[in-house]
Structures are given as structure tokens and as C-alpha cells.
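For reference, the structure is listed below as C-alpha cells.
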Amino acid sequence: MKDKLMNNMQRFAKAMFIPVLILPIAGILIAFGNLFTNARLIETVPFLDNPITTGFGTILSGSLVSILTNLGLIFCVGIAVGLADKKKAEAGFTALLGFLVFIHAMNNFLSLNGLLVDPEALRGSGQTMVMGVQVLDMGVFLGIILGVITAYVHNKYAEIEFDNAFQIYGGSRFVFIVLIPIVVLSAIMMSFIWPIIQSAIDSTGVFINQAGNFGLFLYGTLERLLIPTGLHHLVYTPFLYTSLGGVAEVGGEVFEGARNIYFAEMADPSISVLSESVIWDARGISKMFGLIGACLAMYHTAKPEHKAKAKAILIPAVVTSFIAGVTEPIEFSFMFIAPLLFVIHSVLSGLSMVTLNLLNVRAIGPNGFIDFLLYNVPLGIERTGWPMYILVGLIYFGLYYAIFRFLITKFNFKTIGREDSSSETRLYSKKDYQAKKAGDVVPGATVTADASQNDMAGTIVQALGGDGNIQTITNCYSRLRLTLADPSMVDQAILKDQTGASGVMIKDKNVQVVYGLQVNKIRKSVEQYLGRNSEE
Numbered sequence: 000m001k002d003k004l005m006n007n008m009q010r011f012a013k014a015m016f017i018p019v020l021i022l023p024i025a026g027i028l029i030a031f032g033n034l035f036t037n038a039r040l041i042e043t044v045p046f047l048d049n050p051i052t053t054g055f056g057t058i059l060s061g062s063l064v065s066i067l068t069n070l071g072l073i074f075c076v077g078i079a080v081g082l083a084d085k086k087k088a089e090a091g092f093t094a095l096l097g098f099l100v101f102i103h104a105m106n107n108f109l110s111l112n113g114l115l116v117d118p119e120a121l122r123g124s125g126q127t128m129v130m131g132v133q134v135l136d137m138g139v140f141l142g143i144i145l146g147v148i149t150a151y152v153h154n155k156y157a158e159i160e161f162d163n164a165f166q167i168y169g170g171s172r173f174v175f176i177v178l179i180p181i182v183v184l185s186a187i188m189m190s191f192i193w194p195i196i197q198s199a200i201d202s203t204g205v206f207i208n209q210a211g212n213f214g215l216f217l218y219g220t221l222e223r224l225l226i227p228t229g230l231h232h233l234v235y236t237p238f239l240y241t242s243l244g245g246v247a248e249v250g251g252e253v254f255e256g257a258r259n260i261y262f263a264e265m266a267d268p269s270i271s272v273l274s275e276s277v278i279w280d281a282r283g284i285s286k287m288f289g290l291i292g293a294c295l296a297m298y299h300t301a302k303p304e305h306k307a308k309a310k311a312i313l314i315p316a317v318v319t320s321f322i323a324g325v326t327e328p329i330e331f332s333f334m335f336i337a338p339l340l341f342v343i344h345s346v347l348s349g350l351s352m353v354t355l356n357l358l359n360v361r362a363i364g365p366n367g368f369i370d371f372l373l374y375n376v377p378l379g380i381e382r383t384g385w386p387m388y389i390l391v392g393l394i395y396f397g398l399y400y401a402i403f404r405f406l407i408t409k410f411n412f413k414t415i416g417r418e419d420s421s422s423e424t425r426l427y428s429k430k431d432y433q434a435k436k437a438g439d440v441v442p443g444a445t446v447t448a449d450a451s452q453n454d455m456a457g458t459i460v461q462a463l464g465g466d467g468n469i470q471t472i473t474n475c476y477s478r479l480r481l482t483l484a485d486p487s488m489v490d491q492a493i494l495k496d497q498t499g500a501s502g503v504m505i506k507d508k509n510v511q512v513v514y515g516l517q518v519n520k521i522r523k524s525v526e527q528y529l530g531r532n533s534e535e
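Sequential numbering from 0 applies to the sequence shown in numbering that gives the first Met the number 0.
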């Protein structure tokens, strides 16, 4: 039961990537639009003071805010596509239909029972407008629930076909037929059940807010500690996109979740100081500054004969962490060599969020320095306090460096560059850590010549047990995610030593291979090698 539950959580976390990863793009474009309407920038660059550029910026940022007001639909379609075992496009289309049926069914039921409030008094009533339809305010949870239901029905009935005159009702059409009564009944049930659930969520939100800095510390620490399981998305997503991360009215619209509020307030120049709830999105200190200090400590404590190799390994990892916020190659090395370092890193990550909150800093850098510049600098110092964010980052750079250097030398941790002469200097993975605990020998690295993209794809397929062993192929921001018929056939040594993987995680039939920012290109090359269409 435990393995089955973990397997389902892994699948759900993977499915969440589809809607979650697209939302920062909307945020970046909102920030870009704000450049053309920023009063200070217009004063500095008079060329921008014209109706064409300001109109473009207003339209761009204003239109993309609409994505934030329709997150239920976005999550519904995205999760249905992510959880569908096959015919993903049809699953997404069916999810869209189910969403429309649900909101209209709920609206009609509430109307027939006299439960709809005055449209002019929606604020604080627990009801809202979704695509022009007044329903209970379920927010992102509506999309998550409908996405899961649609995917379940789709996976169960998508392959059913009928003969003769009834064949038109087979496949995805039959899925929709089955889905209609389920969705309508769900809408009726949720009309009674959701207010109770919403009350519990509100109480949880109040508890977390009352916990103050302690709540922030737990959030920041857990979000890092769960990295090895791949379930950290289930920690931060509710705070970024639901009422747990705050509720605010911006420009007459009500937004829930730290990131949604931040993006909405970015597009509203009348707001002088960003909402306090955005602190839940301030996860960049450890990525942009802390881990650089940790890597510098590893380099300075490396053996003289290994410094060149350590430098060659650490510099790309540091650049990736600083620029794009991808930290897993570094973090997995903590898990293998010294779990204590990973725990310290998680604690410092939580403390950095508390520090920003105490200093009233509202700047964010969730995905590295590029995001930091686009999200904060155009809004000015008064609204974000971004210079203080950098100062805090430099302080934590020093803390990471001092603490890591002390612990590495104190306990003689065999971090990168401190290995015995018989060991290879390289990054390690969670599976290496587990193998070490079990008393197994971690395979040494081998040197291979550069291969073409096709050769690399072939090597990956071979290391995963061959074409017949690979059932599904997808990817998230930094990991190749696969479902394998027999995970025991995975050759981790080949994946890490010959294809550049910095980590391999196996849980039941789910396998994750960490490649970093090039993972999307690698997935496409593997699909092309296998002659398969993309499952994304």
C-alpha cells in the first residue's frame, strides 16, 4: 500500500509539471510588458513615452493576467494530459469539456436552490465568476479534482470500441459519455461539500499565517528536504497557486496564491508595496547564492591533485544553479557523500526566507538570476526591496561557505575533489547513497569519447533496458521521467558515466534521470531514436 501510494504521488507530481511550468512564462511576459509602462523607465528613456509602446505593454501584461484568473481550467487540462496513459490530446480535450459541464451544472444547481449570492457581493461570499459563470470559489482545486477524475475515466474507457452503428460512440466519445453524469453529480455534491472543505483550508491558512516566521521556516526547509523524492512540488504548489499562499484583490479581481498575487500586482502600477504573501515564492537565495558558497567551500577543501577536476565539475553546476535555479546535481552529491550537508542546506534555505520576511523584502528569484532581474528590477526598489535581497544573498553565501567548509574538514567528508585516489571525481546521486547504505559498491566512472546525439540516445535506451522496457517518456524542468516495465534492468553506471546524468532515482516502475536544462533535448532525441511520438 505504501509503495502504491508513493507511486501515485509520483505520477501526480509529474502531471503537475504541465500547468506549473507554463505559469512562470506568463510571469516573465507580464514583467516584460511592465517595462513599457514603468514610469521611472519612461523618464529615463523618453523614447518609450508614446502610445504605441505603452499600449503594447498594457495589452501584453493585462492579457496575460487572464491566465491567472483561469487557473482552474489550466490545471484541469494539464493534469488530465499528464495523468493520461495514452491518447493524451483526447484526454485534454475531454477535460476541457468536463470543466465546462461542471461549472454550468454547479451554477444551475445553486440557482435552482436559491444559493447564488448577488453578483455585486461576491467578495467574501465563497463564490466567484469562472469564465463568466458564477460558482463556488474552488480555485485551483477545481482543476485538480476534475483533472484527476477525467484522467481516471479516460484511462479506464479510452480503448473501448463498439461495432456497427454504435462504433461512433467508442473511444474518447465513450469517455465523455461516462464522464457527464460523474461531473454533474460531482458538481451537485461539491455544492454541499466544498464549503466545509474551504472552511478547513481557510483555517489551515490562518494557522500557517499565525505561525509566522516558523511557518515560513518549515515551508522553506521541507521544500528542499523533499527534493530527493521528487515530491517537493506538492509542498510549494498549494502556496503558490491556492489560498494557502494568501488572497488579495488586485484591480477588482481576487487572486489566490503567492505567485498569482505577485504577477497580478506586477501588472498594477498603482500598488506601491507588493503583498506579504509573495514571501512564499522567495526560494532563490539558496539557489543564486548559497550553493555557490557551498561549491566554493568544496573547491577550497579539495585535494591539490583533484582541484582541476573539481573545478571542471563545479563551475557548470554553479552556473546552472545561479542562472536557471537548477540545483539538483549539487544537492544529490550532498545526499550521497554527507546527508548532514543536505540537511544543513535545507535548514539554511528555510532561514533565508525568514530573514527576507524580517527585513520586509518582497523580491523573488525562484528560478535563478534571469527571473530575478525580470521580476524585480523593473518594479523598482520601493516595491520589491531587491538590493536588500542581494545583500541577504551575499550573507548566506558567506554562511554556506563557512559552515560547509568547517563541516567538510571537521568530519572529513569526501566531497567533490576530496575522494581517495582510487575514486573518481564526480557528482553523485540518491541511488548511490542508497547503495552505500546497503553496503554495495558504487560503480566507478569510466571515460568515454564524445558521441553524437543519436548515439547518446541509443546509450540511454540501452541503459534503460531497451525499447521494450520503456513504457512512457516525459520530462520536467531537469529530469527525464520514465515508466519502465522492469526497473531492475536500469544500468545507472552507464547513465551517469556515459550520458552525463547527475542522478538516477527509482521508485516502483517510475524512474527519474537528472540531466539538467538539456533534458528536453535529450527526451526528444530518445523519442526520435525509438520512433515514437512525443507524449508531452
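For glycine and all other residues, C-beta sits at the position ideal for the given N, C-alpha and C.
All figures in this text were calculated on a predicted structure; none of them were measured in a lab.
Can you check DSSP and say which residues form a bridge with residue i?
i           : result
residue 474 : 479
residue 254 : 247
Within the continuous alpha helix (DSSP H) that includes residue i, where are the two ends?
i           : result
residue 78  : 70-82
residue 92  : 87-111
residue 57  : 50-67
residue 296 : 290-299
residue 304 : Here residue 304 belongs to no alpha helix (DSSP H), and DSSP marks it neither H nor E.
residue 417 : From DSSP, residue 417 is part of no alpha helix (DSSP H); its letter is neither H nor E.
residue 220 : 212-224
Using beta-carbon positions only, say whether residue i and residue j come within less than 9 Å of one another.
i           : j           : result
residue 159 : residue 146 : no
residue 71  : residue 15  : no
residue 285 : residue 361 : no
residue 514 : residue 500 : yes
residue 536 : residue 238 : The structure shown does not extend to residue 536, since the chain spans only 0 to 535, so no value can be given for it.
residue 59  : residue 35  : yes
residue 460 : residue 486 : no
residue 103 : residue 132 : yes
residue 502 : residue 483 : no
residue 226 : residue 337 : no
residue 33  : residue 378 : yes
residue 479 : residue 521 : yes
residue 455 : residue 524 : yes
residue 242 : residue 201 : yes
residue 75  : residue 141 : yes
residue 404 : residue 472 : no
residue 399 : residue 245 : no
residue 507 : residue 462 : no
residue 260 : residue 249 : yes
residue 198 : residue 105 : no
residue 13  : residue 294 : no
residue 182 : residue 101 : yes
residue 128 : residue 121 : yes
residue 517 : residue 458 : no
residue 83  : residue 157 : yes
residue 274 : residue 247 : yes
residue 212 : residue 107 : no
residue 363 : residue 283 : yes
Legend entry - Start-end ranges of the beta strand (DSSP E) lying completely within the segment 120-202, minimum 3 residues: 126-129 and 132-135
Legend entry - Contiguous alpha helix (DSSP H) assignments of at least 4 residues, all confined to the segment 454-526: Counting only runs of 4 or more, we get 491-497.
Inset, instruction - Take every Cβ of the segment 194-214, pair it with every Cβ of the segment 111-118, and state whether three or more of those distances are shorter than 8 Å. - result: no
Legend entry - Inter-stretch contact (C-beta, 8 Å, three-pair minimum) for the segment 392-406 and the segment 344-362: yes
Legend entry - Cβ contact check for the segment 89-103 and the segment 60-80: 3 or more pairs under 8 Å: yes
Legend entry - Contiguous alpha helix (DSSP H) assignments of at least 4 residues, all confined to the segment 325-411: 327-336, 338-357, 368-375, 380-383 and 385-409
Legend entry - Given 8 Å, three or more beta-carbon pairs between the segment 26-40 and the segment 382-390: no
Legend entry - Contact the segment 308-318 vs the segment 253-270: 3+ CB pairs below 8 Å: no
Inset, instruction - Could you tell me whether the segment 367-380 touches the segment 321-330, where touching means 3 or more Cβ pairs closer than 8 Å? - result: yes
Inset, instruction - Tell me, please, whether the segment 60-68 touches the segment 140-155 by the rule of three or more beta-carbon pairs shorter than 8 Å. - result: Counting Cβ pairs under 8 Å, fewer than three are found: no touch.
Inset, instruction - Would you check if the segment 296-308 and the segment 404-420 touch, i.e. whether three or more CB-CB distances between them fall below 8 Å? - result: yes
Legend entry - Uninterrupted alpha helix (DSSP H) stretches inside the segment 4-45 (no shorter than 4 residues): Qualifying alpha helix (DSSP H) stretches, in chain order: 38-43.
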